[in-house]
Structure formats: structure tokens, C-alpha cells
Amino acid sequence: FAAADIPAAVTTPEDVEKLQRLSAAAKDGHQPPAYVVLPADSLPATDLKQATMPGKGFGKSAKPAAANGVQPTQLQAQPANVLLKQRHPVRPPVNHVFGYGPLPADFAPAPVSMFRHPLLQHFTLSLFCKLPVAGMSKMTDLRRMLIVRILLSVFQFRVNKRYVQAEPPFIAIDLDISDSGREGCAVSTVIVTCEPDDWEGAVGVAVQEMRRLQRHGVTEGELERYTSAILRDSAQLAKQGNKIPSLDTLNFLMESVACGNTVMGHQDAHAAMLAVAETVGLEEVNSMARAMLTFVSDYGREAEALAEAAAHPDTYAYLGPTRATSIVATVPAYISSSGSSIAGSIAP
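Going by the working numbering, the sequence shown runs without a break in its numbering and finishes at 344.
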């Protein structure tokens, strides 16, 4: 559509009707995502809900109405206190299979799904563990986030320092533990990238380092060093808060709202980080490592890990032992005789 055809702001029923006519004329019938930015008091909640309801505004097909839009009485059809947030009528709800808690009766370790493609150049193994989104609205939540960041920093430094000068069998080994508003859950991920002929050694290194951190934890020196580094990053962010692009700030706000996080100013967030950093102890960090890294270190022995946690509940923090919920391996379609990948197709 031409820019002149789209109203600059949705402030009146006529603007809503105009948007609906544009939507009805679109060739693609699927409902696109749309953000309507306008003053909160410029349009009743019922009007905005009516404009964005599937099948009536940006939806698939609207029932015939006046001028292919809404009837004048439709804007007042809903009560004033109606909630804008509702379940999507087309996309079914996602039933997450979380990787914690008691094992179901028919439990089996997560199988490895393999994907091959001619354009892939490296072997990649990704291990995932789904957990509920905990949100960050209390100081205890901030402490948990700080502990997780310490574990991530220790793991990456150990992998890079120990193997980078000895021709490692991998290209990269990455660990991430974070909430995902898009996925609707928290996801712990380990990604191993290597040449196809080095896959066994690379996976062995990842499991070995995860198991070493899960079993033995971090040292006192590592805890002090990485806590100090994280606090320096927090102090730098607090000083540069007014220089962050607006788009990055908007994305951060939307992700925080989706995850149920409390958003603070940069200076306030840094002050809170300083306060919780003084309360983090070595044993608490190690108990979090025992719980959060079990999905890799104890793959295939999930029942034994739960039994150990039941016998020593104080040594496993948060949700207890975790387990892998899915494993995906991506492999190049063509490999040379030396074991290296060959991108593209090969004539028979």
C-alpha cells in the first residue's frame, strides 16, 4: 500500500475502518504481527481490541459489514474492562515438556534428531533443556541471574584457555542459559561446532568440561574474578545507559514484559547488582552448577541424578537436576575422503 493510504495514528473509528479495508484488500490472508503505538487515552480499549481481533481487523476474513468494515455499533459491543491479551484462535497453545522434576513412567532420554543439507559446512550438535520462565522481580531472582552469569563465564573461559593452544578438535563450544519470551520458556543450550571428522572428540570435550564444572564447581579465585568482571560491565552499562539505541531499548522492554521481569533504570539496576553480589557464596554457585548442568553431564543417567539429589537435597539448587529435552545434530550432506565438509552439490 502507499504510505498515504495508511493512517498515521489510530484515534477514531474511521481510522479503524480504514485499516480494516486495507487488511481485507491484502493478498495474504494470514494475520501479520502489528504494533499500534498511540497515546493510552486516545482510543478506548474496546476499539483497539476490535481493530486487532482476527477475522475483523488484520485477520484472515472479516464478515461483511458496512463498507467492508465494522458496523458502528461494533465498537461498543465489548465491555470497557475487556482484556486485550487473549489466546490466538488459530495457533494452538504450546505444551512444553520441561526438563526437571520426577521422571514420567514412559521416560526415555532425549533422542538425537539429525538434519542434513548440502549448504552446511560443519557438524553441529545442539542440546536443549526447557525450564519454566522464572521471571526477575525480586532480589533473589537477581542473585540467581548473577550466579548463572558466573557459571557461563567460567565455562567459556575454561574451554577457550585449555584447548585453544593445543589444536582443539572443535571450532566452538557455547553454553547459554536464558529466558526466552518468544519460546515461552527458559532454555539451556550447549552448541558444539566442529569439522565432521572431529565430531567425537568435540562432543567428548564438551561433555567433559560440563561434567567437570557440574561435579567440582568453580574455585574461590574464579568466583572473585568473574564477579568483579560482571560488576565492571554493570557499572559501564550504568554510565552509558543514555546512549543505548531506542530500538535496543524497545526490544529489551518487550522481552522483559514477556518474561515477567521488573525493569529498572540503569543506575538502580547497578546498585541492586552491587547489593546481591555481596551475598553470593561459593557453595551456592556450585549447587546451582550441579542442578543446571545435569542435562549434559548426566545424560542417560537421569534416574541416578534424581536419586542423588533426593539423598542430598542441599547440594542441588533451584529446580534440582535437569535433563535434556531435545538434541539436534546438523551434518553436511557431502564429506570429502579426509573427513572435511564439502559445501554444495556433487555430480553423481
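Quick reminder that beta carbons are idealized off the backbone N, C-alpha and C, glycines included.
With DSSP run on the structure shown, which of helix, strand or coil describes His113?
Here residue 113 refers to the residue found at position 117 of the sequence shown. Strand.
From the DSSP output, in three-state form, read off Leu142 for me.
Locating residue 142 in the sequence shown gives position 146, where the first residue counts as 1. In the structure shown, Leu142 sits in a helix (DSSP, three-state: H, G or I).
Between Phe291, Ala325, Ser283, Val276, which has its C-alpha nearest Thr136's C-alpha?
For the purposes of this step, residue 136 is identified with residue 140 of the sequence shown, where counting begins at 1. The shortest C-alpha separation from Thr136 is found at Val276.
Excluding the 5 residues flanking Gly131 on each side, which residues of the same chain have their C-beta closer than 7 Å to its C-beta?
As a working mapping, residue 131 is identified with position 135 in the sequence shown. Cβ within range, chain order: Asp137, Cys255, Gly256, Asn257.
Checking the sheet assignment: what are the DSSP bridge partners for Thr8?
As a first step, residue 8 must be located in the sequence shown, where it is residue number 12. Looking at the DSSP assignment, Thr8 forms no beta bridge with any residue, so it has no partner.
Could you tell me if Asn156 is buried or exposed, where buried requires 16 or more neighbouring beta carbons within 10 angstroms of its beta carbon?
In the sequence shown, residue 156 corresponds to position 160, counting from 1. Classification for Asn156: exposed.
Tell me which residues share the same chain as Asp170 and place their Cβ nearer than 6 Å to its Cβ, disregarding the 5 neighbours each side in the sequence.
As a first step, residue 170 is located in the sequence shown; it is residue number 174 there, counting from the start. Only Ile187 meet the Cβ criterion.
Is the beta carbon of Ser122 sitting closer than 8 Å to the one on Thr223?
Walking along the sequence shown from the start, residue 122 turns up at place 126. Walking along the sequence shown from the start, residue 223 turns up at place 227. Cβ atoms of Ser122 and Thr223: not closer than 8 Å.
In terms of alpha-carbon separation, which member of Leu302, Arg112, Asp229, Gln236 lies closest to Arg290?
Taking the sequence shown and counting its residues from 1, one reaches residue 290 at position 294. First, the residue type needs correcting, since residue 290 is Thr and not Arg in the sequence shown. Considering only alpha carbons, the answer is Leu302.
Beta carbon of Phe166, beta carbon of Cys181: below 8 Å?
In the sequence shown, the residue the question calls residue 166 occupies position 170. In the sequence shown, the residue the question calls residue 181 occupies position 185. No. Outside cutoff.
With a 10 Å radius around its C-beta and 16 neighbouring C-beta atoms as the bar for buried, classify Phe111 as buried or exposed.
As a first step, residue 111 is located in the sequence shown; it is residue number 115 there, counting from the start. Phe111 should be labelled exposed.
In angstroms, rounded to a whole number, what distance separates the CA positions of Ala307 and Ala202?
Within the sequence shown, the letter at position 311 stands for residue 307. Within the sequence shown, the letter at position 206 stands for residue 202. If you take the alpha carbons of Ala307 and Ala202, they lie about 27 Å apart.
When you compare each of Lys239, Glu10, Gly200, Pro105 to Phe124 by their alpha carbons, which one comes out closest?
Start at 1 with the first residue of the sequence shown, and residue 124 comes out as number 128. That would be Pro105, whose Cα lies nearest to the Cα of Phe124.
Tyr96 by DSSP, collapsed to three states: which one?
The sequence position of residue 96 within the sequence shown is 100, counting from 1. It is a strand residue.
Just curious, the beta strand (DSSP E) that Ile169 is in, first and last residue?
Position 173 of the sequence shown, counting from 1, holds the residue named residue 169. 168 to 176 is the span of the beta strand (DSSP E), which, as asked, contains Ile169.
Classify Ser242: buried if its beta carbon has 16 or more other beta carbons within 10 angstroms, exposed otherwise.
Sequence index remark: in the sequence shown, residue 242 carries index 246 (1-based). Burial call: exposed.
In chain order, what residues of the same chain lie with their CB nearer than 8 Å to the CB of Thr318, ignoring the 5 residues before and after it?
Counted from its first residue, the sequence shown places residue 318 at position 322. Here the set comprises Gly95, Tyr96, Cys125, Leu127, Ser184, Ala287, Met288, Leu289, Thr290, Phe291.
Would you give the residue range spanned by the beta strand (DSSP E) that Lys126 belongs to?
Taking the sequence shown and counting its residues from 1, the one referred to as residue 126 is at position 130. Start and end: 119 to 127.
Taking only three categories from DSSP, how would you classify Pro107?
Position 111 of the sequence shown, counted from the start, is the residue given in the question as residue 107. Here Pro107 sits in coil by DSSP.
In whole angstroms, what is the alpha-carbon distance linking Ile331 and Pro192?
If you number the sequence shown from 1, residue 331 lands on position 335. If you number the sequence shown from 1, residue 192 lands on position 196. Cα-Cα distance, rounded: 8 Å.
What did DSSP end up calling Thr136 once you bin it into helix, strand or coil?
Here residue 136 corresponds to residue number 140 of the sequence shown, with the count starting at 1. Helix at Thr136.
For Ala182, which beta-bridge partners are listed by DSSP?
Start at 1 with the first residue of the sequence shown, and residue 182 comes out as number 186. Its beta-bridge partners are Leu127, Asp175.
Does the beta-carbon of Thr120 have 16 or more other beta-carbons within 10 angstroms, so that it is buried, or is it exposed?
Position 124 of the sequence shown holds residue 120. Looking at its Cβ environment, which holds 16 or more other Cβ atoms inside 10 Å, Thr120 is buried.
Which residue or residues does DSSP assign as beta-bridge partners of Pro328?
In the sequence shown, counting from the first residue as 1, residue 328 sits at position 332. DSSP lists His113 as partners of Pro328.
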